[in-house]
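Residue numbering for the sequence shown follows this note's numbering, starting at 16 and increasing by one per position.
For reference, the structure is listed below as structure tokens.
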Amino acid sequence: MKRTIFKSGHCTMVMLLTLILLVSCDRQTRTTKDFVWDEDVKELTGGSLHTWLQKAPFDNELDRHGDGVVMITNASQVFPFMGRYYNAVEELGRYYSDDTVIFQETEILFQDSLWGDLLLHATLLYDDQEVFLSDSYYEMGSPLFGGVEAVTDMHESSLSETAVVAKHPGYKTGIYWAWANYQHYLLGFYQQGQLVFETVVPLRGDTLATLDKLKEINQKLGLNIPEWENARIADLQRVEQPKTFWQDPFVGIYPSMPTDDVYLKTKDTPFVQDDKARKGDYYFSYPSEGGDVFFYTMMQQTELNMEDFNKANKKMAKYQYSNHDIFYEEHPGNGYVNGLAKTYFKGNRYLEIHFGYPEKDREAKQRMHDVIRYVKMLNYEG
């Protein structure tokens, strides 16, 4: 793992500000509501994530915040899978403000004399919500370590599920094989309510020794996870049909290179897309007792830029998601609700979503609003 050390006395103000944004050992979000400790989590961690993680059985912790020194590392490229969690909808902190989801994140880096580069990561969530790992992650290169050309590099990793997975009322856990930068690791994942914990141990040719080290971490941190303690080599075979990874609920429309421009949350819903849209550009619907639940999309032109478009529609109800406003209005009549949602896209274009559902069908209303509140667009113009 590469390190870059800056002595604060020799840094310009611009560099210091940049490093403040890039580097953090104990990242606490700007508080918008009070954080309340779960007593069991507080007892386990002693109320300090950093002090708790320091109990890990490794040597040579990297002190990235010593007196007069700021150290940055390429840890996010070496371990792209660490500290990256999803709820049922999306990656935490990526598409909306994480200050109401993530209270604190802490990581500790080791360059252990025997095991080499290691990372332990812990997160405190404001609320007890189940999180998931993805089976693959990507991290862009950093010009601080690879020069200007590094921003075009893509560091990727993949995870494979093993038989060591469990979900109980009080916690969920798993041991996974992780691969990144031509290195294999055993990754231990654990969530106890508002606490999420991850650690990796690199494979050094002896799987049993790596598993035993993971068990030692389990004991030293006081986790006492029985699934880790009882794990055997035979349990570490990769599962062909994994069941614990995050399932992306979005479907892409308006294809462009290299991906789609718009994504809607319609997977695992009754909505079925027309092969040939009966209205608009894309048409989705399903039948219900009171009539069809439907929506269709249209990409429209406007003379307004994003700022003026949002001002022109500010009197409408709205959702905020993926750094943009989604305005909507609904008009009930004769037992049916017809609505329109719209949001600015780019290049003097905006997306319209026309929708309808039976007025008394609360489930249909919820499903429809789940679609319009989570409109994800790839807008490379900002």
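Note that beta-carbon positions come from the ideal geometry of N, C-alpha and C, so glycine has one too.
None of the values given here were measured: they were computed from a predicted structure.
Under the three-state reduction of DSSP, residue 119 is assigned to strand.
Taking 8 Å as the cut-off, the Cβ atoms of residue 115 and residue 141 count as close. Following the DSSP letters along the chain, one finds residue 244 inside the alpha helix (DSSP H) bounded by residues 241-244. Counting the other Cβ atoms within 10 Å of the Cβ of residue 248 gives fewer than 16, which makes it exposed. It is roughly 12 Å from the alpha-carbon of residue 103 to the alpha-carbon of residue 259. By the Cβ neighbour-count rule, residue 378 is exposed, with fewer than 16 other Cβ atoms within 10 Å of its own. Exclusion of the five residues before and after residue 75 leaves 125, 126, 127 and 128 as the residues of its chain whose Cβ lies within less than 7 Å of its Cβ. Separation of residue 232 and residue 225 (C-alpha to C-alpha, rounded to the nearest whole angstrom) is 11 Å. Listed in chain order, the beta strand (DSSP E) runs fully inside the segment 293-362 are 297-301, 308-316, 332-336, 339-348 and 351-359, counting runs of at least 3 residues. The three-state secondary structure of residue 132, taken from DSSP, is strand.
Contact between residue 201 and residue 215 holds: CB atoms are separated by about 7 Å, below the 8 Å threshold.
Membership of residue 381 in the alpha helix (DSSP H) is indicated by the continuous run 377-388. Where residue 187 is concerned, the enclosing beta strand (DSSP E) starts and stops at 187-195.
Note that the C-beta distance between residue 254 and residue 206 is not below 8 Å. Proximity to residue 209 across 218, 250, 100 and 294 peaks at 100, based on C-alpha coordinates.
In the structure shown, residue 284 adopts coil according to DSSP, grouped into three states.
A distance below 7 Å between beta-carbons, with the five flanking residues on each side excluded, links residue 261 to the following residues of its chain, in chain order: 101, 147, 148 and 149. Under a 10 Å Cβ-count criterion, residue 135 is classified as buried, with 16 or more other Cβ atoms of the shown protein chains found around its own Cβ. About 6 Å separates the beta carbon of residue 371 from that of residue 352, a gap short enough to meet the 8 Å contact definition.
Here the alpha carbons of residue 52 and residue 240 stand approximately 21 Å from one another. With a cut-off of 8 Å on Cβ pairs, the segment 346-365 is not in contact with the segment 284-301, counting fewer than three such pairs. Beta bridge pairing from DSSP links residue 371 with 309 and 353. If you draw a 10 Å sphere on the C-beta of residue 311, you find 16 or more other C-beta atoms in it, and that means buried.
Rounded to whole angstroms, residue 367 and residue 57 show a C-alpha spacing of 47 Å.
Counted as a single uninterrupted DSSP element, the stretch harbouring residue 76 is not any alpha helix (DSSP H), since DSSP gives it neither H nor E.
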